[in-house]
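The sequence shown runs 95 to 357 under full-length UniProt numbering.
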Amino acid sequence: LVSRKKHPENTIVDVKGEKIGDGKQYFVMGPCAVESYEQVAAVAAAVKKQGLKLLRGGAYKPRTSPYDFQGLGVEGLKILKRIADEFDLAVISEIVTPADIEVALDYIDVIQIGARNMQNFELLKAAGQVNKPILLKRGLAATIEEFINAAEYIMSQGNGQIILCERGIRTYERATRNTLDISAVPILKKETHLPVLVDVTHSTGRRDLLIPCAKAALAIGADGVMAEVHPDPAVALSDSAQQMDIEQFNEFMEEVRSFQRQM
Ligand code: PEP
Ligand code: MN
C-alpha cells in the first residue's frame, strides 16, 4: 500500500492545514520533552514568531536508562493541548503503548512512533486503526526495507496518513550520536509515496551539526526537518547537549531559509 509503484501520486498529510508532502518544506520544532507549561509556551511563542505551525514535544519519553526522566505522561499531553489551543499550533507527540493511542486522540494532532518502537507491531496496528496522522521514525538499526514495512503495518489497518522520519542509524561511527542516512530520503521518496522528514537532532546528537544537516536534508528533497528547541537547554531534563536555545533556533531558521532561497 505504501509503494510508489502502486500509487504514483504523493500522499499529502494534512495537519491542521499544513499539507506535508505538497512540495513545500516544513519545520517541526520543539523541546525534546514536555517539562512544564511555561517551558513549552516559551518555545511555542518562538515557533509562532517564526511563522511555523508544527510543534513537537515528548510526554512519554522512552529513555535508554530507567533512571532518566520518563516524561509527564498524560499531564504532558494536556499541556500540549492547551498550548495548541492558545497558540493555534499543531502538536506532535510520541505515544509508546497501544493503550494510550485512544487518549492521545483528544490531545494531539500527530501521533509519533519513536525509533525504539518502529517494530512494535501491536502499536503500529493500533496506530493504523485511528483517523490521525502518524509520524513514524526509523528504527535505531532498521534497514530501509524494514522501515517501509513498518509503515505498511500502519497502512494495512486503514490509516494512510503517515509521515516517515529518518533520524539516524547505529553504525561504528562515534563522532555523531547516530549516523544520518541522508540517502534514505530519496530512496524513501522513490520507493513510497509518503512524505519524508529528517530529524537533525537525534541523528547527529550535536548542536554544531544541526544547520549543515538541515541544509543537506532540504537539498536532497526532504519534505521537512525536525529539530529540538528548549528555552534553557542547560537545564533540560533530556537531550541537553543538542537542543537549541531560542536564539540559536532563530539563527537556525534564518540560515536554512536563506539556503532555501538559493536552492
Ligand atoms: C524523539 O523524537 O523525541 C525521540 C525520542 O526520537 P527517536 O525515537 O528518533 O530516538
Ligand atoms: Mn530528544
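Glycine included, each C-beta is placed from N, C-alpha and C at the ideal position.
Return the bridge partner residues of residue i from the DSSP annotation.
i	result
valine 109	Glu112
alanine 321	Met123
isoleucine 248	Partner(s): none; isoleucine 248 has no beta bridge.
alanine 335	Paired residue(s): none; alanine 335 is not in a bridge.
lysine 219	Paired residues: none, contrary to the question.
leucine 229	Gln206, Ile257
valine 185	Leu149
serine 97	Thr286
Residues in the same chain with beta-carbon distance under 6 Å from residue i, minus the five sequence neighbours each way, listed in chain order, please.
i	result
lysine 142	Phe181
valine 185	Leu149, Leu174, Ala178, Ile202, Asp203
isoleucine 228	Ile205, Ala221, Ile248, Ile256
residue 361	The structure shown has nothing for residue 361, since the chain only spans 95 to 357.
glycine 170	Val128, Ala153
lysine 284	none
arginine 301	Gln336
arginine 271	Gly299
Report all residues from its chain with a CB closer than 8 Å to the CB of residue i; omit the five preceding and five following residues, and keep chain order.
i	result
phenylalanine 215	Tyr247
arginine 176	Tyr131
asparagine 253	Ala221, Gly222, Gln223, Val224, Asn225, Lys226, Ile228
alanine 328	Ser334
Starting from residue i, follow the alpha helix (DSSP H) in both directions and report where the run begins and ends.
i	result
alanine 193	Counting along the chain, alanine 193 falls outside any alpha helix (DSSP H), and DSSP gives it neither H nor E.
alanine 236	Careful: alanine 236 lies outside any alpha helix (DSSP H) and carries neither H nor E.
glutamate 345	340-356
alanine 310	304-313
Quick one: what's got a C-beta closer than 7 Å to residue i's C-beta in the same chain, skipping five residues either side?
i	result
lysine 147	Lys110, Glu112, Leu183, Ala184
threonine 265	Thr273
alanine 244	Met212, Gln213, Leu218, Leu230
residue 373	As displayed, the chain neither begins before 95 nor continues past 357, which places residue 373 out of reach and without an answer.
TODO: Count the C-beta pairs between the stretch 119-129 and the stretch 328-335 that are closer than 8 Å, then say yes if the count reaches three, no if not.
DONE: Counting C-beta pairs with one atom in each stretch, the stretch 119-129 and the stretch 328-335 have three or more that are closer than 8 Å, which means they touch.
Open item on the list: Closer than 8 Å is the cut-off here; do at least three beta carbon pairs connect the stretch 157-169 with the stretch 113-120?
Closed with: No, the stretch 157-169 does not touch the stretch 113-120.
Open item on the list: Within 8 Å, do at least three Cβ pairs link the stretch 239-254 to the stretch 189-203?
Closed with: Contact fails between the stretch 189-203 and the stretch 239-254, because fewer than three Cβ pairs, one in each stretch, are under 8 Å apart.
TODO: Report the residue ranges of all beta strand (DSSP E) runs contained in full by the stretch 262-296; include only those spanning at least 3 residues, in chain order.
DONE: The DSSP assignment places 290-293 as complete runs of the beta strand (DSSP E) inside the stretch 262-296, in order along the chain (cut-off: 3 residues).
- [ ] Jot down the residue ranges of each uninterrupted alpha helix (DSSP H) in the stretch 122-157, minimum 4 residues, whole runs only, in chain order.
- [x] Qualifying alpha helix (DSSP H) stretches, in chain order: 131-143.
Open item on the list: Across the stretch 334-350 and the stretch 296-314, are there enough close Cβ pairs to call them in contact, namely three or more that are closer than 8 Å?
Closed with: Yes: at least three Cβ pairs fall under 8 Å.
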